[in-house]
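In the numbering used here, the protein residues as written are 1065 to 1405.
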Amino acid sequence: MIQKNWMVGCFIFLFFMSLYGCATTGDVRILDNEIYRLNSQLSILQKEKDSLKNELANFKTDVQKEIPTLKTDLGTETKKLQADLLLRVEVLQSQIQTLSTEVEEYKEFLKRPSKEIERMREETNPRMRALEERQKTYEEKIKAQDDRTKAQDDRTKVHDDRTKVIETRIKGVEDQLKVFGGKIDQLALKQAELEKMPSREVREVPREVPTDVRGLTTGAGDLYRDAYETFQKGDLEGARRKFEAFLKQYSNTELSDNAQFWIGETYYYKKDFEKAILEYEKAIAKYPEGDKISAALFKQALAFLELGDKSSAKNLLKRVTERYPNSDQADMAKKKLESIK
């Protein structure tokens, strides 16, 4: 009987011991899973820490390469971002240290009874939830940082675009200045020509026009003088009519070649270059011994240039320099040839 009771007691003891062993094994498995999860979070946080350090290093490099004109605008923002990142790295390091300590505590608690482990789990769960909330907040801050970085990149792009626009405008202004420079040179040449021609023309019209064998009379001189004064006043159409009227009456006088030349000038200053060329040619063909040949050839060359015919212009300028080297137009023709490319 005693032996039977002892066997029953042993069986009951072994039964409870097996139940106690099963509960302990389940708790250990749960704790192992919890430790694995904590280690995973620790690894993720460590990677985020390394990523933040790389981001901080890259950010410093980008700030150093920023355009000098943005240094003043972005200096304060960059310092704030650096301070914010450094603070977050320090907080993250502290969290990692805390989590590492908690993991070590979990490992120690594995050796303790299940009730104590359960109590520690209850104490740790609020910490884990707080840590998750902090992690969520940190992710939101990272997103905000990304948005600020994107905004900064957009501002840099806008600045680059504005710089390109300004450079394009500067280039356009420089091109316009070159064009204006060429036009100013042409105007200066024309002005010099105009300044010379009237002074010579005044000398060619005598105070008292003598009568000679070719029919030059006082009336012819007055008619020519009136036409030329009309030209000087800027009435090109009126001057042309008066010069043509002069040639109808006095087609073979000392001033006939001059009148024909000034008819060509009225068309030239009206920018009717084709008709001007034809009228200059009449002065050359009808009055080969006249003193307006070199001037007519030179102005023909300028008219061809205005029409874009550089080849004809060069040939005429060379004729002026070769056939009339002592004329005023010869020097101007040389300079013009040098300017034509």
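Beta carbons: idealized from backbone N, C-alpha and C, even for Gly.
All figures in this text were calculated on a predicted structure; none of them were measured in a lab.
Go ahead and label residue i buried or exposed: buried means 16 or more other beta carbons lie within 10 angstroms of its beta carbon, across all protein chains shown.
i	result
residue 1161	exposed
residue 1296	exposed
residue 1351	buried
residue 1385	buried
residue 1332	buried
residue 1399	exposed
residue 1197	exposed
residue 1157	exposed
residue 1397	buried
residue 1349	exposed
residue 1189	exposed
residue 1208	exposed
residue 1097	exposed
residue 1194	exposed
Within its chain, find whatever has a CB closer than 7 angstroms to the CB of residue i; leave out the 5 residues flanking it on each side and keep chain order.
i	result
residue 1346	1324
residue 1383	1361
residue 1429	Within the shown structure, residues of the chain are numbered from 1065 to 1405, placing residue 1429 beyond reach of any answer.
residue 1378	1401 and 1404
residue 1320	1311, 1314 and 1351
residue 1276	With a pLDDT of 33 at residue 1276, under the threshold of 50, the modelled position of this residue cannot be trusted, and the question is left open.
residue 1374	1404
I'd like the list of long-range same chain contacts for residue i, defined as Cβ closer than 8 angstroms, with 5 residues on each side in sequence excluded.
i	result
residue 1120	1146, 1149, 1150 and 1153
residue 1128	none
residue 1110	1160
residue 1099	1167, 1170 and 1171
residue 1212	1141 and 1145
residue 1287	1306, 1309, 1310, 1313 and 1314
On a Cα-Cα basis, can you pick out the residue from the options that is closest to residue i?
i	options	result
residue 1155	1285, 1224 and 1112	1112
residue 1102	1117, 1115, 1171 and 1128	1171
residue 1107	1283, 1403 and 1167	1167
residue 1336	1364, 1322, 1143 and 1199	1364
residue 1338	1376, 1182, 1097 and 1122	1376
residue 1143	1158, 1192 and 1123	1123
residue 1126	1216, 1105 and 1201	1216
residue 1357	1219, 1104 and 1387	1387
residue 1354	1218, 1381, 1334 and 1322	1322
In terms of residue numbering, what span does the alpha helix (DSSP H) encompassing residue i cover?
i	result
residue 1322	1320-1333
residue 1339	1337-1350
residue 1316	No alpha helix (DSSP H) contains residue 1316, which DSSP labels as neither H nor E.
residue 1371	Segment: none, residue 1371 is in no alpha helix (DSSP H) and carries neither H nor E.
residue 1403	1392-1403
Between residue i and chain B, is the shortest Cβ-Cβ distance under 7 angstroms, so that the two count as touching?
i	result
residue 1164	In the displayed structure, chain B is absent; only one protein chain is listed.
Between residue i and the rest of its own chain, which residues show a CB-CB distance below 6 angstroms, the 5 nearest in sequence each way excluded?
i	result
residue 1389	none
residue 1304	1327 and 1330
residue 1117	none
residue 1094	none
residue 1199	none
residue 1163	1106
(request) Taking 8 angstroms as the threshold, find out whether the segment 1334-1349 comes into contact with the segment 1308-1319 through three or more Cβ pairs. (result) As far as the Cβ criterion goes, the segment 1334-1349 does not touch the segment 1308-1319, which means the pair count is below three.
(request) Count the CB pairs spanning the segment 1368-1375 and the segment 1389-1398 that are closer than 8 angstroms, and state whether there are at least three. (result) No, because fewer than three Cβ pairs between the segment 1368-1375 and the segment 1389-1398 fall closer than 8 angstroms, the two stretches do not touch.
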